């Protein structure tokens, strides 16, 4: 991963030397293979030892598709209906996976049940993982980086959960990589994040600060078109049902019915520490405003563009009050761009340690939250954001082409 001819590389005196950089990712990959094989071997009829279906959350995607094709799209928002559809596939599951996604994402998953569950999972996960890796390879093209991308715990978590973070990260990263040369295409890709709108809250701030008005217009048109198309295909009532579910989801988070230890946000961390809901919202809004202000400065500054992209990804994660461990697959993007900058411009003391902690975050924060009742997620993401801002502060030249 390091070129010893480059002054920004890890020196021999640093603990993260070339040998460790070669060995560590393969150790992680080996552990994942063993765990995955054991997970499958110990399952029975597609249900693991905890009573969860293989593919975890993907069952909700597949079942929602089946309900829409056999009954109506609106019916999937009814908990009893979606659970029944899930248990028709896996009678032995002990968990419920409610459908509370917007119709913009529903439109995407609509065809999934046309394939059997296992094939559908492989097709969806394989396609989105391929897009994710392709984007990351452009963000950090060094050949030695590829094992680190597969070894990244965020990649593993999203793979095991059967979730959509590969897709959303690919849309964000792909949109940013297109921004300079194909701004309308960039806007279209960024606008497609309307499939999970809470992840795109600060995209307008960045585009406006950078003066990327063609991309801004493309994103607005893309998101509105997707919303209109999904409403036309699935029915306007699905949008109303989604909006109606939002207070219920917020209540589930506040009551820990959705596992707070898996949610790396300041909002949830405040709740875990015993803070009232109003304080959790207030602190989270304050953090979002601070992240937006820092992002505005970063995108107005004459700095390397990839640092601007990295900063937006971090700020987007900090701004979302609803985030799960698998969403931390997004961290691969700012990590890749920050590493790229460090390789080209050098490191300051402590920066590589923060990047390594952020790389480990998806796999360590839940265990720490269980033991300490403190969610370190927002603090580590914030520390990574600060590293990126510091790198930008040292940068005084125009951005490199990407």
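In the numbering used here, the protein residues as written are 172 to 573. Note that beta-carbon positions come from the ideal geometry of N, C-alpha and C, so glycine has one too. It should be emphasised that the depicted structure is a prediction, and the values quoted were computed from it without experimental measurement.
Proximity to residue 332 [Cα-Cα], best of 229, 269 and 561: Among 229, 269 and 561, the Cα nearest to that of residue 332 is on 229.
Selected residue, minimal CA-CA separation from residue 425, among 435, 415, 495 and 443: That would be 443, whose Cα lies nearest to the Cα of residue 425.
Extent of the continuous alpha helix (DSSP H) to which residue 537 belongs: Annotation: the continuous alpha helix (DSSP H) that includes residue 537 extends over 522–543.
Per-residue DSSP class, three states only, for residue 368: In the structure shown, residue 368 falls within a helical segment according to DSSP collapsed to helix, strand and coil.
Through-space distance from residue 357 to residue 524, alpha-carbon basis: Distance between residue 524 and residue 357, taken at the CA atoms: about 32 Å.
Beta-carbon proximity of residue 235 to residue 277, cut-off 8 Å: Taking 8 Å as the cut-off, the beta carbon of residue 235 is found closer than this to the beta carbon of residue 277.
DSSP-derived helix/strand/coil call for residue 474: Looking at residue 474 - three-state DSSP - the assignment turns out to be coil, as it is neither helix nor strand.
For residue 507 and residue 445, the rounded distance between their alpha carbons: Whole-angstrom Cα-Cα distance: 35 Å.
Any 3 or more C-beta pairs closer than 8 Å across the stretch 492–503 and the stretch 474–482: Touching, no, given that fewer than three Cβ pairs across the two stretches are closer than 8 Å.
Simplified DSSP assignment, three categories, for residue 185: Coil, per DSSP.
The stretch 463–470 / the stretch 295–309 touching (three or more Cβ pairs under 8 Å): Flag = no, the stretch 463–470 and the stretch 295–309 do not touch.
Classification of residue 335 by the beta-carbon crowding that lies within 10 angstroms, buried from 16 upward: Under this definition residue 335 is a buried residue.
Where residue 447 sits in the DSSP three-state scheme: In the displayed model, residue 447 falls within coil according to three-state DSSP, outside both helix and strand.
Option in 542, 248 and 238 with minimal Cα separation from residue 260: In terms of Cα proximity to residue 260, the closest of 542, 248 and 238 is 238.
Those residues which DSSP pairs with residue 224 across a bridge: Looking at the DSSP assignment, residue 224 forms a beta bridge with 218.
Residues near residue 275 in its chain [Cβ-Cβ closer than 7 Å; skip 5 each side]: The residues 365, 366, 397, 398 and 401, in chain order, have a CB closer than 7 Å to that of residue 275 in the same chain once the five nearest residues on each side in sequence are set aside.
Span separating the alpha-carbon of residue 173 from that of residue 528: At residue 173, the pLDDT of 41 sits below 50, so the modelled position is not reliable; the number obtained from the coordinates is stated separately. It is roughly 19 Å from the alpha-carbon of residue 173 to the alpha-carbon of residue 528.
Sequence-distant residues of the same chain with beta carbon closer than 6 Å to residue 438, five excluded per side: The residues are 451, 455 and 492.
Where residue 406 sits in the DSSP three-state scheme: In this structure, residue 406 counts as coil in the three-state DSSP scheme.
At least 3 beta-carbon pairs within less than 8 Å: the stretch 348–355 vs the stretch 510–517: Flag = no, the stretch 348–355 and the stretch 510–517 do not touch.
Cα-Cα separation, residue 299 to residue 317: The straight-line gap from Cα to Cα measures roughly 17 Å.
Assigned exposure category for residue 190 - 16 Cβ within 10 Å defines buried: Burial call: exposed.
Nearest neighbour of residue 281, chosen from 389, 485 and 241 [CA to CA]: Considering only 389, 485 and 241, the residue with the shortest C-alpha distance to residue 281 is 241.
Under the three-state DSSP convention, the category residue 562 falls into: Correct three-state label for residue 562: helix.
Close-in-space but distant-in-sequence residues of the same chain around residue 556 (CB under 6 Å, 5 per side omitted): Here residue 556 has 485 as same chain residues with Cβ atoms under 6 Å from its own Cβ, once five neighbours each way along the sequence are excluded.
CB of residue 483 within 8 Å of CB of residue 377, strictly: Yes, Cβ-Cβ distance for residue 483 and residue 377 is below 8 Å.
Member of 216, 194 and 330 whose CA lies at the smallest distance from the CA of residue 319: Ranking 216, 194 and 330 by Cα distance to residue 319 puts 194 first.
Residues near residue 210 in its chain [Cβ-Cβ closer than 7 Å; skip 5 each side]: Here the set comprises 219.
Whether residue 489 touches residue 533 by CB criterion (8 Å): Cβ atoms of residue 489 and residue 533: not closer than 8 Å.
CB contact flag (residue 526, residue 465, <8 Å): No, these two residues do not count as a Cβ contact at 8 Å.
Complete runs of the alpha helix (DSSP H) confined to the stretch 266–329 [at least 4 residues]: Whole alpha helix (DSSP H) segments, 4+ residues: 274–280, 288–310 and 317–322.
Alpha-carbon spacing of residue 293 relative to residue 540, whole angstroms: One C-alpha to the other measures close to 32 Å.
Sequence-distant residues of its chain with Cβ nearer than 7 Å to residue 383 (five each side left out): Cβ neighbours of residue 383 within its own chain (closer than 7 Å, five residues either side excluded): 350 and 354.
Assigned secondary structure, residue 236 (DSSP; H/G/I helix, E/B strand, else coil): Of the three classes helix, strand and coil, the one that applies to residue 236 here is helix, per DSSP.
Residue closest to residue 563, alpha-carbon to alpha-carbon, out of 409, 517 and 403: Closest by alpha carbon: 517.
Secondary structure of residue 547, DSSP reduced to three states: In this structure, DSSP gives residue 547 a state outside helix and strand, which the three-state scheme calls coil.
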